[in-house]
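All residue numbers for the sequence shown refer to our numbering, where the first residue is 1 and numbers rise by one.
We treat Cβ as the ideally placed atom computed from N, Cα and C, and that holds for glycine.
Some notes on the structure that comes next.
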Amino acid sequence: MIQLVKLIDLEAEQRVISSMMFSEEACIEAMTFLEDKDFSDTFHLAVFSTVSGLFTRGVKPTYTEVAKEGLKTGIIIGQQDMNRLREIAEKFIDSENIIYWTEEVRTKSKLRHLDFMLRKYQNRIEVGKDSDAEEVLSEASEEFSDLSVINADED
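Structure representation (C-alpha cells):
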C-alpha cells in the first residue's frame, strides 16, 4: 500500500492552522475546504476544531485565545501541549498561500482514505470466497465512485 510518509504532512497541517490564527481570510478558506477528519494528527485536529469554533463564534482565534480555549476545553493539558501550540503558531504563512497549504492537507486526507479503502478490499478478497468476488467488486466500485464524486464536488 501507500507509504505512511506520503499520507501525512504535519507541516501543511501546522501552516494551515497557524495562518488561521493570523488571518480571517485563511479561516474562511480553511473552514470552507477542510474538515476535522482531514487532519492526521489528533492534536492538530483538536486545534483546528478550536480555531474554527472560535472564529464561528466571532472571536478572533489568536494564539492567546486558542490557548485559553484549549485550557478550558482540555485539549491543552500541560507544558508539552502549550509548546506544540506555540510551534504551530510559529509556522505562519502569508494568507495568499493558504490555498496551497489547504490543498496539501486535503490531498493527504484523500490519500489516507484511498489507502484505507484499498486495505479494506484487499482484506475482503483475502478472507472471502471466490463466490463473493462480484459483491466485493460491486461494493468497491460504488465506494470508489463515491470518493471521486466527493472529490470532484470539492474541486
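Could you tell me which of the options sits nearest to residue i, measuring between CA atoms?
| i | options | result |
| --- | --- | --- |
| Ala89 | Leu10, Ile8 and Phe22 | Phe22 |
| Gln48 | Leu114, Gln79 and Arg15 | For clarity, residue 48 is Phe in the given sequence; the question names Gln instead. Among Leu114, Gln79 and Arg15, the Cα nearest to that of Phe48 belongs to Arg15. |
| Gly53 | Glu87, Gly70 and Asp41 | Gly70 |
| Arg112 | Leu147, Lys72, Glu29 and Ile75 | Leu147 |
| Thr20 | Thr107, Glu96 and Ser145 | Per the sequence shown, residue 20 should be read as Met rather than Thr. Nearest C-alpha to Met20: Glu96. |
| Phe92 | Tyr63, Leu114 and Phe116 | Tyr63 |
| Lys60 | Met117, Leu7, Tyr121 and Ile28 | Ile28 |
| Phe33 | Met117, Phe116, Ile98 and Ala133 | Ile98 |
Using the three-state DSSP reduction, which class does residue i fall into: helix, strand or coil?
| i | result |
| --- | --- |
| Lys91 | coil |
| Leu34 | coil |
| Ala12 | helix |
| Met1 | Confidence at Met1 is low in this model, with a pLDDT of 48, below 50, so its placement is unreliable and the value that follows should be read with caution. Reduced to three states, the DSSP call for Met1 is coil. |
| Val59 | coil |
| Ser23 | coil |
The alpha helix (DSSP H) with residue i in it runs from where to where?
| i | result |
| --- | --- |
| Phe43 | Thr42 to Thr56 |
| Asn123 | Ile98 to Val127 |
| Thr64 | Tyr63 to Thr73 |
Can you round the beta-carbon distance between residue i and residue j to whole angstroms, since I take them to be within the 8 Å contact cut?
| i | j | result |
| --- | --- | --- |
| Val51 | Ile17 | 6 Å |
| Asp9 | Val105 | 7 Å |
| Val136 | Arg119 | The Cβ separation is near 13 Å, so there is no contact. |
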